[in-house]
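Here's the structure we're looking at; comments come further down.
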Amino acid sequence: MSAKNEASDARAHGPAGAIESMAGIDAAQIPLPLYLPQHLRFENFEVTPRSVEIVQALKSFAEGSSPASGHPARLFIAGEGGSGKSHLSVAVLRTAGGLGFDAALIPLRLWMDRPPGMIQGMERADLICIEDIDAIAGISRWEESLVFLIEASMRRKARLLVSARKQPAHIPFGLADLRSRLNASTVYRLPALDDEGRARALRRHAMDRGIDISDEIIAYLFARYRRDMPSLMALLERLDRRSLGARRRLTVPFVRQILESLDEPPLGEAMDEVRIDSS
Amino acid sequence: MSEAVWKSCLDRLEGDLTPQDFNTYIGSLQAVVENGVLRLFAPNRYIRDEVEKNFVSCIESALERVGSGDDEGGSQGVERVVVEVGNPSQKTERPAENTRTSVQRPAAIDPNSGLQATFTFENFVTGYSNQIASAASKQAADNPDDPNCNILFIYGGVGLGKTHLMHAIGNHLLQGKSSEVIYRHSEQFVNEMVSAIQRKCIGEFAKFYRSVDALLIDDVQFFAGKERSQAEFFHTLNALFERKRLVVLSCDRYPKEIDGIEERLQSRFSGSGLPVFIEPPDREMRAEILYKKALAQGIDLPVAVQDWMAKEVHSNVRDLEGALNRVIATARFMKRELTVDLAKEALRDLLASQGRRASIENIQSVAASRLGIRVADIKSRKKTRPITRCRQIAMALARELTEHSLPEIGDAFGGRDHTTVLHACRKIKELRATDPKVNDDYRMLLRQLTS
Chain A
1 MSAKNEASDA RAHGPAGAIE SMAGIDAAQI PLPLYLPQHL RFENFEVTPR
51 SVEIVQALKS FAEGSSPASG HPARLFIAGE GGSGKSHLSV AVLRTAGGLG
101 FDAALIPLRL WMDRPPGMIQ GMERADLICI EDIDAIAGIS RWEESLVFLI
151 EASMRRKARL LVSARKQPAH IPFGLADLRS RLNASTVYRL PALDDEGRAR
201 ALRRHAMDRG IDISDEIIAY LFARYRRDMP SLMALLERLD RRSLGARRRL
251 TVPFVRQILE SLDEPPLGEA MDEVRIDSS
Chain B
280 MSEAVWKSCL DRLEGDLTPQ DFNTYIGSLQ AVVENGVLRL FAPNRYIRDE
330 VEKNFVSCIE SALERVGSGD DEGGSQGVER VVVEVGNPSQ KTERPAENTR
380 TSVQRPAAID PNSGLQATFT FENFVTGYSN QIASAASKQA ADNPDDPNCN
430 ILFIYGGVGL GKTHLMHAIG NHLLQGKSSE VIYRHSEQFV NEMVSAIQRK
480 CIGEFAKFYR SVDALLIDDV QFFAGKERSQ AEFFHTLNAL FERKRLVVLS
530 CDRYPKEIDG IEERLQSRFS GSGLPVFIEP PDREMRAEIL YKKALAQGID
580 LPVAVQDWMA KEVHSNVRDL EGALNRVIAT ARFMKRELTV DLAKEALRDL
630 LASQGRRASI ENIQSVAASR LGIRVADIKS RKKTRPITRC RQIAMALARE
680 LTEHSLPEIG DAFGGRDHTT VLHACRKIKE LRATDPKVND DYRMLLRQLT
730 S
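Listed in order, the protein sequences are those of chains A and B.
Sequential numbering of the first sequence, starting at 1, is according to this note's numbering.
Sequential numbering of the second sequence, starting at 280, is according to this note's numbering.
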């Protein structure tokens, strides 16, 4: 199944259906859709000394602090898959929406095969979040449409948040106009978490779900499973469901049993497609 | 009242949908409740179709739950949901900063001039790389009726100040007798034209644009491949040309080099117009640009920081702006003084790869390749004219693009004295002003090494 089809499926089935259909688990076993957007907030983002400035900049950006007060109106966040860009995007959109701003998301990795007309008129929002702009690099119609969107959003003084795996200077855009406009943003690089950070993030997300996940379980997982955050988040979702379905609390033997029952699909990549690359 | 219903509905939907779907499709809608109908306005037909296909039933279900009484205010008797393209109140663009409107405009046309008051001649940094474009712009702004310069065509790479000059001209004109001065990005002109065709008022559109006092169109290269727009624009240009009204155009390349633009339009740009070129700013100019941009934010950027940043960031003004914004943001966040150390810290990631590209070895290799000389000859004692010229250009580039001292640069060029490097830098500066070939070579190499 292509990434795009997976994403379409994700839309059709909702979050729970998407995760399980990718994992090959029978949906009938699943008691409840437990993945909630409320999980993605500034408060439960794993902040490290290296990301504290970015998170603060994004909070001010979401709250609409004026550029005159030193808070930039255009931000660019570069970070590898799993570094938490989507978590922060959702947090920005939720915060801005909660304050009454019109806030819209443009997920380019999902939209790259669709017509660029998808973004026409989006500049009317107070805050626009363009995710994965590197996905359309080299697609001239998309690049051109994005230059126009950036121009229009600047005319309307809308706030603009753009994210990608790399900084604008390192993305192979065909249109120099696009790269230079992105370079004029305040560019931050979001560092990936180390193992300690990942463990803290996993524990926090588990707590949000009401799961008690011990240090032994985390050590067991880190020794035997992929350690990127999208994969770990998807696994957490699955552990939660199996624990609820079996009415058993999570222990190392139970986790081992669950892991052994997996036929190991490319979970990390799959979850990245449905944008839960949270930390 | 309608806002409360939609807000309650949004709260429900946020819990029902993935963050992706909620923020992408639901977040881009604007809502009005009228006569029992929830009218949802999508920004375009694609979003409308997607919402109609996948989300209307979710919205109806959320509305039912809102109406079931457990939400404050209930659903206010909403009986039907309709999704359409457009704006609830046909909101117009937020006013630009510099607006003086005198003529009634058709609905398809933005009521604002489009001019940004912040861009003026006073805060435009002039130097070797843009002095002709700057002088021509001031001349055009002072004498918009000058028959020798009805069409000013400013061209050059991205982020070099073309848009700044256009706004400066427009703002200057507004202070004089011109009342209808219009600035548009080319795409905006195209969109307005399409809207006029849809509203069946293309005649009024044409009449309006042909009657303005001055027309400023940015990035005309984006007209490429849009034949109907080009035709309309051509007639607008002709009408303004005949009325001796000023037209200022910007483009990323020389008129004849724009692919996908009709020949008659290219001829109009270059034949009837005055093409002026903007080059990337040199180091002194970059420092001054940084100083002025910081000052506009109320910050007195220390000279040492200006110099260091001007040396490190050398591609265009937008890159400088982005780097400056990051340094200022970091200083504010860390509550630290603006120093070179802080700037280095803030821009560490940004500059990591740039440093790699602009090594002396790389400069020698790129210069030698472009000028058809062997790298070994650059480092040798040979003094034939082509080799000497290539060596001098490479030395000047090394001085501009790297942090190496003059003796270090001399060493890298076959153990030469630092005075030889200094002489080379002065010689190239002088030749760039008098010899177009040297200037072109230097410019192309600079672009290649910094793009």
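Cβ coordinates follow ideal geometry from the N, Cα and C atoms, glycine included.
CB of residue i within 7 Å of CB of residue j, strictly
i              : j              : result
residue 153(A) : residue 160(A) : yes
residue 236(A) : residue 298(B) : no
residue 311(B) : residue 361(B) : no
residue 437(B) : residue 91(A)  : no
residue 518(B) : residue 489(B) : yes
residue 164(A) : residue 127(A) : no
residue 304(B) : residue 345(B) : no
residue 400(B) : residue 447(B) : yes
residue 121(A) : residue 323(B) : yes
residue 596(B) : residue 622(B) : no
residue 140(A) : residue 174(A) : yes
residue 416(B) : residue 405(B) : no
Option nearest residue i by Cα separation, candidates the options
i              : options                           : result
residue 697(B) : 483(B), 717(B) and 685(B)         : 685(B)
residue 158(A) : 249(A), 73(A) and 250(A)          : 73(A)
residue 591(B) : 358(B), 626(B), 616(B) and 614(B) : 626(B)
residue 228(A) : 106(A), 81(A) and 200(A)          : 81(A)
residue 713(B) : 296(B), 341(B) and 407(B)         : 407(B)
residue 551(B) : 440(B), 664(B), 430(B) and 575(B) : 430(B)
residue 123(A) : 221(A), 151(A), 230(A) and 48(A)  : 151(A)
residue 534(B) : 478(B), 500(B) and 403(B)         : 500(B)
residue 454(B) : 465(B), 506(B) and 422(B)         : 422(B)
residue 251(A) : 215(A), 176(A), 94(A) and 225(A)  : 215(A)
residue 201(A) : 77(A), 133(A), 84(A) and 64(A)    : 84(A)
residue 594(B) : 539(B), 319(B) and 565(B)         : 565(B)
residue 462(B) : 440(B), 493(B) and 441(B)         : 493(B)
residue 94(A)  : 142(A), 117(A) and 42(A)          : 42(A)
residue 525(B) : 491(B), 556(B), 555(B) and 643(B) : 491(B)
residue 134(A) : 155(A), 112(A) and 148(A)         : 112(A)
residue 507(B) : 546(B), 466(B) and 531(B)         : 466(B)
Where residue i meets chain B, residues with beta-carbon distance less than 8 Å
i              : result
residue 90(A)  : 298 and 302
residue 153(A) : By Cβ distance, chain B contributes nothing, its closest Cβ being about 11 Å from residue 153(A), past 8 Å.
For residue i, three-class secondary structure by DSSP
i              : result
residue 576(B) : coil
residue 404(B) : coil
residue 529(B) : strand
residue 683(B) : coil
residue 310(B) : strand
residue 601(B) : helix
residue 363(B) : strand
residue 592(B) : coil
residue 398(B) : coil
residue 21(A)  : Low per-residue confidence applies at residue 21(A): pLDDT is 36, beneath 50, and the placement is therefore not dependable, though the value from the model is reported in the following sentence. If DSSP states are grouped into helix, strand and coil, residue 21(A) belongs with the helices.
residue 128(A) : strand
residue 497(B) : strand
residue 29(A)  : Bear in mind that a pLDDT of 37 at residue 29(A), under 50, signals an unreliable position, so the number given afterwards is only what the model happens to contain. Residue 29(A): helix per DSSP, three-state reduction.
Any non-hydrogen atom of the ligand FMN closer than 6 Å to residue i Cβ
i              : result
residue 221(A) : Inclusion of the ligand FMN in the displayed structure is not the case, the ligand content being empty and no account of it being possible.
Contact set between residue i and chain B, taken where Cβ atoms lie within less than 7 Å
i              : result
residue 181(A) : 597
residue 186(A) : 601, 604, 605 and 608
residue 189(A) : 628
residue 53(A)  : 609 and 612
residue 121(A) : 322 and 323
Interface partners of residue i on chain A, CB under 7 Å
i              : result
residue 464(B) : 151
residue 366(B) : 124
residue 437(B) : 176, 177 and 180
Contacts of residue i in chain A (Cβ-Cβ under 8 Å)
i              : result
residue 309(B) : 102 and 124
residue 656(B) : Within 8 Å Cβ-Cβ: nothing; residue 656(B) doesn't reach chain A, min ~32 Å.
residue 531(B) : 176 and 177
Contact set between residue i and chain B, taken where Cβ atoms lie within less than 9 Å
i              : result
residue 290(A) : Residue 290(A) cannot be examined here, being either before or after the span of chain A that is shown, 1 to 279.
residue 57(A)  : 608 and 612
Below-7 Å beta-carbon distance, residue i vs any chain E residue
i              : result
residue 306(B) : Absent from the structure is chain E; the protein chains it does hold are A and B.
Within chain A, partners of residue i - CB distance below 9 Å
i              : result
residue 502(B) : Ordered by position in chain A, no residue passes the 9 Å Cβ test against residue 502(B), which lies about 12 Å from the chain.
Which residue spans inside the region 34 to 109 of chain A form an unbroken alpha helix (DSSP H) run of at least 4?
-> 52 to 63 and 85 to 98
Mind pulling the beta strand (DSSP E) runs of 3 or more residues that sit fully within the region 157 to 208 of chain A?
-> 159 to 164 and 186 to 189
For the region 458 to 490 of chain B, which segments carrying the alpha helix (DSSP H) assignment without a break, of at least 4 residues, lie completely within its bounds, in sequence order?
-> 465 to 477 and 481 to 489
Write down every uninterrupted run of the alpha helix (DSSP H) in the region 646 to 677 of chain B whose length is 4 residues or greater and which is fully enclosed by it, in chain order.
-> 654 to 658
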